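Colleague:
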Amino acid sequence: MYDKYESPLASRYASKYMLELFSARTRIKTWRRIWIALARAEHKLGLPVTEEQIKDLEEHIDEIDFEVAAAREKEVRHDVMAHVYTYGKVAPSAAGIIHLGATSCTVTDNGDLILYRDGLKYLRGELLKVIANLADFADRYKALPTLGYTHYQPAQLVTVGKRAALWMQDFVTDLQELDFVIANIPFLGARGTTGTEASFMELFDNDEEKVKEMNRLIASEFGFDTLYDVCGQTYPRKLDSRILNVLSAIAQSAYRMANDIRLLQHDRQVEEPFEKNQIGSSAMPYKRNPMRSERICSLARYLMADAQNAAMTASVQWLERTLDDSANRRISLPEGFLCCDAILRLAQNVSDGLVVNEKIVERTVLEYLPFIATENIMMEGVRRGGDRQELHEKIRECSMKATANMKNGLPCNLMSLLAAEPAFNMTEEDLAKTLDPSAYIGRCPAQVEEFLAKVRPLIEGVKKETAEINV
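In the working numbering, the protein residues as written are 1 to 471.
1. Hey, could you find the ends of the beta strand (DSSP E) leucine 346 is sitting in?
2. Just the C-alpha distance for tyrosine 286 and glutamate 362, rounded to the nearest angstrom, thanks.
3. Should arginine 117 be listed as close to the ligand NAD, given that the test is whether its C-beta is under 7 Å from any heavy atom?
4. Assign valine 107 to one of two classes, buried (16 or more other C-beta atoms within 10 Å of its C-beta) or exposed (fewer than that).
5. Expressed to the nearest angstrom, what Euclidean distance is found between the alpha-carbon atoms of leucine 239 and tyrosine 228?
6. So is valine 130 buried or exposed if we call it buried at 16+ other beta carbons inside 10 Å?
7. Under 8 Å Cβ to Cβ from proline 48, same chain only, skipping five residues before and after it: list those, please.
8. Can alanine 10 and leucine 21 be called in contact, C-beta distance under 8 Å?
9. How would you label threonine 226, buried or exposed, when you count the other beta carbons within 10 angstroms and need 16 or more for buried?
10. With tyrosine 302 as the anchor, note down where its alpha helix (DSSP H) starts and where it stops.
11. Nearest CA to the CA of leucine 431: which residue from Ile395, Gly442, Ala342?
12. Hey, quick one: how far does the beta strand (DSSP E) through threonine 364 stretch, first residue to last?
13. Using a threshold of 8 Å, state whether the C-beta atoms of isoleucine 377 and leucine 418 are closer than that.
14. Any idea what DSSP makes of alanine 155, helix, strand or coil?
15. Quick check on the burial criterion: 16 or more other C-beta atoms within 10 angstroms. Buried or exposed for threonine 472?
16. Determine, using beta carbons only, whether threonine 250 and isoleucine 343 come nearer to each other than 8 Å.
17. Could you pull out every residue in the same chain whose Cβ sits closer than 7 Å to the Cβ of alanine 71, ignoring the five residues on either side in sequence?
18. Could you spell out the range, first to last residue, of the beta strand (DSSP E) harbouring glycine 148?
19. Measure the Cβ-Cβ separation of leucine 244 and serine 332 and say whether it is below 8 Å.
20. In this structure, does DSSP put valine 160 in helix, strand or coil?
21. For the stretch 193-212 and the stretch 145-159, state whether three or more C-beta atom pairs, one from each stretch, are separated by less than 8 Å.
22. Tell me whether glutamate 6 sits in a helix, a strand or coil according to DSSP, three-state version.
23. Please confirm if alanine 373 has its CB atom under 8 Å from at least one CB of chain B.
24. Kindly indicate which residue of Ala24, Tyr85, Glu51, Gly46 has the alpha-carbon position closest to the one of isoleucine 36.
25. Run through the DSSP bridge pairs and tell me what phenylalanine 187 is partnered with.
26. Any idea what DSSP makes of glutamate 197, helix, strand or coil?
27. So, for lysine 89: in the same chain, excluding its five sequence neighbours on each side, which residues have a beta-carbon less than 8 Å away from its beta-carbon?
28. Starting from the C-beta of leucine 369, find all residues in its chain whose C-beta is less than 7 Å away, skip the five residues before and the five after it, and write them out in chain order.
29. Find the nearest neighbour of phenylalanine 424 within the set Ile469, Lys407, Glu375, judged by alpha-carbon distance.
30. Tell me, please, which residues DSSP counts as bridged to valine 270.
31. Among the residues of its own chain, which have a CB less than 7 Å from the CB of tyrosine 17, if the five just before and after it don't count?
32. Taking 8 Å as the cut-off, does the stretch 162-172 touch the stretch 209-218 (at least 3 CB pairs, one atom from each stretch)?
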């Protein structure tokens, strides 16, 4: 394994489930399941396919000789026909009816639809775990005041939990989109070389109802209750675009959360998990780099770019079929799934182990609170007989002086400067009463509670577990 290239998604990041789902063995076994379903439907509808032949196929479904298939594909330059040949070798009584009436896309495209649907359902479960972790975190810290930022500059106060609710809301939006995609994956069925079903019309003596019933039977066997109304040889590649778009959307949300955590870890307010023996830097032993959040961002960039493949492929499909989609799809779709899987595993790990350094959060709040409180101070000054416009100017002047003081490494002295201004008619003790952080967080706790009331039904029954990451 060390002598040839292996995708890091496989060797470092993706889960065992996703690696097995997109393995060659699962792919070819899925093709064989489709050949069996086709044979079963043809037998039921009166074609010369026997129960013994179907049984032969079923009994040898797991006997896949990849070396024989590879040698045959090198000879005939056709992967599907290579596996028709290989399957026939282990199920000789059925060799003559495998793939009867079908075209390559009967197995390749339907097989992909099955894998993609199963992969999306798995990712849905992983996404729910991230949402569940963030729901717990948001609830725990819904009332803890923290400095808010706009333009990454200090702004009004928010709460730590409210900020997590913003991340969570993005993921809930992704969940809604993901559910729509899963619910709207039709089956292709056995539609022939140009989507006309002409070969099956020939087999069934132009009995259209039997052709339609055959496709319903095959689709139902794999859990699909709808088929495409019309198609060419393949299912419309617009679906690939829809799938990669929703995976990209998940990546976007994960990137936003991870990037915020990286910024907050710089200020030591919030930190991602850091293990006992973890090394932050080969040269600087004291470092605690946010490497998991950085990895989320790194993988998310790849996935967002990967989604462009499907859009370009969907836009250049010629008439009823072209093959310039094949090589691209073999890479872009599985890699997209593996990448999203890796991102969600990391997001679970990070969201389950976030550390809030409350004393630093409090210190940061108190450092900027005098500036945040100035609007309330101005209103109180007016109540005590001051002129609003004059007070506004005094606050501006004193704020500039206090800021200059802080830039020279000295403490913020805004309150003492304002207390020295007769226009406010307030002592430092009076001013100190305005410095309660909880008075400046607005409806943050209520907003979090109201949102969680909507989220909790979605995550009911979600198993809490810490996602293990390989490296």
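Glycine included, each C-beta is placed from N, C-alpha and C at the ideal position. Note that the structure is a prediction, hence the values are computed from the model and not measured.
Modeller: Let me spell this out:
1. Here leucine 346 belongs to no beta strand (DSSP E); instead the alpha helix (DSSP H) covers 326-352.
2. Since pLDDT at tyrosine 286 reaches only 48, below the 50 mark, its modelled position is unreliable, and the value read off the structure follows with that caveat. Rounded to whole angstroms, tyrosine 286 to glutamate 362 spans 24 Å at the Cα level.
3. The ligand NAD is not part of this structure, which contains no ligands at all.
4. So valine 107 counts as buried.
5. Whole-angstrom Cα-Cα distance: 11 Å.
6. Buried, since its Cβ has 16 or more Cβ neighbours within 10 Å.
7. Within the same chain, and ignoring the five residues on either side of proline 48 in sequence, the residues whose Cβ sits closer than 8 Å to its Cβ are Ile97.
8. With respect to the 8 Å criterion, alanine 10 and leucine 21 are not classified as neighbours on the basis of their beta carbons.
9. Here threonine 226 is exposed. Its C-beta has fewer than 16 other C-beta atoms within 10 Å.
10. Where tyrosine 302 is concerned, the enclosing alpha helix (DSSP H) stretches over 291-315.
11. Across the set Ile395, Gly442, Ala342, the C-alpha of Ile395 shows the shortest separation from the C-alpha of leucine 431.
12. According to the DSSP assignment, threonine 364 belongs to no beta strand (DSSP E) but to the alpha helix (DSSP H) extending over 358-372.
13. Contact flag set, yes.
14. The answer is strand: DSSP assigns alanine 155 an E or B state.
15. Outside the shown range of the chain (1 to 471) lies residue 472, about which nothing can therefore be said.
16. Residue identity differs from the one stated: residue 250 is isoleucine in this sequence, not threonine. Their beta carbons are under 8 Å apart, which means isoleucine 250 touches isoleucine 343 by this criterion.
17. Within the same chain, alanine 71 has no close Cβ partners at all.
18. Unbroken beta strand (DSSP E) run through glycine 148: 145-150.
19. Cβ distance < 8 Å, so leucine 244 and serine 332 count as in contact.
20. Under the three-state reduction of DSSP output, valine 160 falls in the helix class.
21. No, they do not touch.
22. Correct three-state label for glutamate 6: coil.
23. Looking at the structure shown, chain B is missing, and only one protein chain is on hand.
24. Considering only alpha carbons, the answer is Glu51.
25. Paired residues: Leu227.
26. Assigned with DSSP and collapsed to three states, glutamate 197 falls in coil, not helix or strand.
27. Only Asp65, Val68, Ala95 meet the Cβ criterion.
28. Only Leu435, Pro437 meet the Cβ criterion.
29. Minimum Cα distance to phenylalanine 424 is reached at Glu375.
30. In the DSSP output, where bridge partners are listed per residue, valine 270 has Val356.
31. Only Tyr122 meet the Cβ criterion.
32. Cβ pair count under 8 Å is below three, so no.
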